[in-house]
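For reference, the structure discussed in these notes is given below.
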Amino acid sequence: MSAATADAGTVAPRRRLGIWRRIKRWPTTVKVGAVIFGILALAALFAPLIAPYKPNEIDPFALLSSPSGQHLFGTDDTGRDVFSRTLYGLRLDILLALLVTYVPLPFAVVVGALAGYFGGWVDTIVSRLADVFIAFPFIVLVIAVVAIVGPGIEGFLIGVPLAAWALYARLARAEMLVVREQPYMLATTALGYSKWRAIFKHGLPNVARPCFVYSTIDLIGNLILLAGLSYLGFGVQPPTAELGGIIADGQGYLLTAWWIATLPGLVLVLFGVGVGLIGEGISDRGLERGGR
Amino acid sequence: MSSPLLEIESLRVEFPGEEGERLVAVKGVDLAVEQGEVVGLVGESGSGKSLTCRAVMRMVPEPGTISAGSVRFDGEDVMALNTRKLRDFRAHSVGMIYQNPFGSLNPTMRVGGQIAETLKVNKGMKRDAAKKEAIALLERVGIEDPEHRYRAYPHELSGGMCQRVMIAISTASSPRLMLADEPTTALDVTTQAQILKLLGKMRAEEGMAMLLVSHDFGVIAQACDRVAVMYGGHIVETGPVETIYHEPEHPYTRALLNSVPELDSAGNVQRRAALAGHPPELSEVIPGCVFAPRCEHAKQECAGVSMKLEQVGSDHESACPVRPYADAGARGTAKAGKVEA
């Protein structure tokens, strides 16, 4: 018996699966989440093609008309098509949420990972700085920035990364403390690799996973925050179509023209559910893989 | 005879204690490994065997330090190497494999890529050449269908296969010394034997010397030329593997061997005498012989023993001056039971 055959009982090596066969192996939560996210993201991406009207196009003969074949989500008090405005609004919300979530992420993860790896004064500086930002309630900090910069998306674009980096840095630091002690990190030293190779090639990919999982939750949070700020009038300014703004516009008509606030609100909820399901599925898979 | 490949002299490894005291985990170890020789380092958990092994690469875990002693590799003082030379030494002269084969491989990288990385970084190979060589290495360590396995992730492989990959990585730059820290402990018995056979094959092909750390006398007996028995931070006995196995001089070695269950001629398991008590804690300071508290032959003068190894036979040294077994002859094993009976 050759040595290798006795190692049987191993998992058969994964063939390069076709994309469909891979998708079949996804957990149901991820599948459902992906479908919801996919439809909404595509609709948002191709809003200019799908939307039957321009977001600010006024139909003076159909003010506050209820949902129909002509206006799927009805029209608002100035006769603008709510369906078209929802698509354009979602598009802007997703874009801005992606921006504030994923632009600071790599920076924060690297800073946190370095703090965890080196410890000592590097760790002290990063951790205390992170503590300062985490000490303020997130939304208060963002609103404070908005108050300084003035209403508009600038406040959101500056405020969120300013507060959010600290959480990712902390997460990456904690993860690096664990990863640093793993035998494969010891092995990089034994193989004579440089510290930088150990950190960036072998440490970071293992540190990044929980940060990415968390970022999916964060993405919904940021999207809802933007909608919230716009609803309050601190975010995207009218007449630009944005979900929070549309909901704010429709609030006054909740009893007479319920569709203006309700239907865009449902889209927002649906989007959140979709992304959340994907995140949950990934973190389950993460547990299963890291369980050994 | 030329100087040995690896020469450890009066090595001490210390850890700072909670109250500022210094806990000494390795207390003046002398050990030599000749070219192409396999030396076993055997002892219970906490005897300092793994630390001794890691000290060779100056990889004692923080906050421990090597406080005294020297490590010479091929005549060169490892303790005196600067950062650059130390990295070079780790990359080319010595390979290391560990107890946990799953944990030793990066879970986010394909195994082939990890082997190729070593070849690229430490041997300066180009991408395509490294991939080809990595596949050849996978084949050499006995992995079937290496082109296919090249693309596997560690979690898709068994423990034995991961250890094979680890051996491929650590022998990629043809080191002259392999440090194997409990390489088979996490594996089942059949796989153990295969890994030991593979290490033996690498040694024969490459003329590679090996320092094999294990708590399992069976593994040591199977793979080693010489054995050093460690207890409480000291080496208590060294000698050729047959001598240690059949004629152990130190009471600890004898107790350790007697605690291994064996089969008698009828195939029944012979329950052997388990060693009473437990190994000393790091904080315990035992005057004289560290084994005296558990030793059935302990005498009053044991408290004044220096723990220095004394010659007791040709190439056979023991740290026990009492020598209770000096005239006892061969140790009675189940198979050789008649000798003692």
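Top line first, the protein sequences correspond to chains P and Z.
With the numbering used here, the residue at position 19 of the first sequence is 19, and numbering never jumps.
Numbers given in the numbering used here equal positions in the second sequence, counted from 1, plus 1000.
Ideal placement from N, C-alpha and C gives every residue a C-beta, glycine not left out.
Note that the structure is a prediction, hence the values are computed from the model and not measured.
- The region 1112-1125 of chain Z and the region 1134-1150 of chain Z touch, with no fewer than 3 CB-CB distances between them shorter than 8 Å.
- When 9 Å is used as the limit between beta carbons, Tyr1098 (chain Z) is near these residues of chain P: Pro183, Leu186, Ala187, Ala190, in chain order.
- A check of alpha carbon separations from Ala1292 (chain Z) across Z:Gln1270, Z:Val1236, Z:Gly1313, Z:Gly1064 identifies Z:Val1236 as the nearest.
- Membership of Asp1216 (chain Z) in any alpha helix (DSSP H) is not indicated, and neither H nor E is assigned to it by DSSP.
- Residues of chain P whose Cβ lies closer than 9 Å to the Cβ of Gly1200 (chain Z) do not exist; the shortest such Cβ separation is about 12 Å.
- Sorting Z:Gln1311, Z:Gly1232, Z:Val1024, Z:Val1227 by C-alpha distance to the C-alpha of Leu1257 (chain Z) places Z:Val1227 at the top.
- For the 9 Å CB-CB criterion, Leu229 (chain P) and Gly221 (chain P) do not form a contact.
- Under the Cβ criterion of 9 Å, Tyr193 (chain P) is counted among the residues facing chain Z.
- Close to Pro27 (chain P), with beta-carbon spacing below 7 Å, lies no residue of chain Z; the smallest spacing is near 17 Å.
- When Cβ-Cβ separations below 9 Å define contact, Ile1167 (chain Z) makes no contact with chain P.
- Burial of Glu1037 (chain Z) is indicated by the presence of at least 16 other C-beta atoms within 10 angstroms of its C-beta.
- With distances taken between CA atoms, Ser1047 (chain Z) lies nearest to Z:Met1230 out of Z:Val1285, Z:Leu1105, Z:Met1230, Z:Val1312.
- Between Asp1315 (chain Z) and Gly1239 (chain Z), the CB-CB gap stays under 9 Å.
- Going by C-alpha positions, Leu1198 (chain Z) is about 17 Å away from Ser1173 (chain Z).
- Contact of Arg197 (chain P) with chain Z is assigned, a C-beta pair being separated by under 9 Å.
- Contact between Arg1149 (chain Z) and Ile1143 (chain Z) holds, with the beta-carbon distance rounding to 5 Å and staying under 8 Å.
- In the three-state DSSP reduction, Ile1097 (chain Z) falls in the strand class (E or B).
- For Asn56 (chain P), no chain Z residue has a Cβ inside 7 Å of its Cβ, as the nearest lies near 47 Å away.
- In this structure, Asp218 (chain P) sits near Ala164 (chain P), with a CB-CB distance shorter than 9 Å.
- In this structure, the CA atom of Ala1080 (chain Z) is about 16 Å from the CA atom of Val1013 (chain Z).
- With respect to the C-alpha of Ala172 (chain P), the residue from P:Leu191, P:Asp59, P:Val126 having the closest C-alpha is P:Val126.
- Cβ-Cβ separation between Thr189 (chain P) and Arg1090 (chain Z): approximately 7 Å, consistent with a contact (criterion under 8 Å).
- Look at Ile1066 (chain Z) here: in three-state DSSP terms it is strand.
- Taking a contact to require three or more Cβ pairs closer than 8 Å, the region 99-110 of chain P and the region 265-282 of chain P do not qualify as touching.
- Proximity of chain P to Ala1186 (chain Z) at the Cβ level (cut-off 9 Å) is not reached, the minimal Cβ distance being about 11 Å.
- Contact residues of the region 205-237 of chain P toward chain Z are Pro205, Asn206 (C-beta to C-beta distance below 7 Å).
- Not a single C-beta of chain P is nearer than 9 Å to the C-beta of Thr1243 (chain Z).
- Asp81 (chain P) counts as buried, since no fewer than 16 other beta carbons sit within 10 angstroms of its beta carbon.
- Between Gly1233 (chain Z) and Val1024 (chain Z) the beta-carbon gap is near 6 Å, inside 8 Å, which marks them as a contact.
- If you compare the alpha carbons of P:Leu64, P:Ile199, P:Arg85 with that of Asp76 (chain P), the shortest gap goes to P:Leu64.
- Shortest Cα-Cα distance from Asn56 (chain P) to any of P:Leu255, P:Pro151, P:Glu242 involves P:Glu242.
- Here DSSP, grouped into helix, strand and coil, assigns Phe1015 (chain Z) to strand.
- Lys24 (chain P) is outside the set of residues whose beta carbon lies under 9 Å from a beta carbon in chain Z.
- Among the residues of the region 1078-1099 of chain Z, those with a Cβ less than 7 Å away from any Cβ of chain P are Arg1087, Asp1088, Arg1090, Ala1091, Met1096, Tyr1098, in the order of the chain.
- In this structure, the alpha-carbon of Ile39 (chain P) lies about 30 Å from that of Gly252 (chain P).
- Within the region 1200-1224 of chain Z, contact with chain P at the beta-carbon level (separation under 7 Å) is assigned to no residue.
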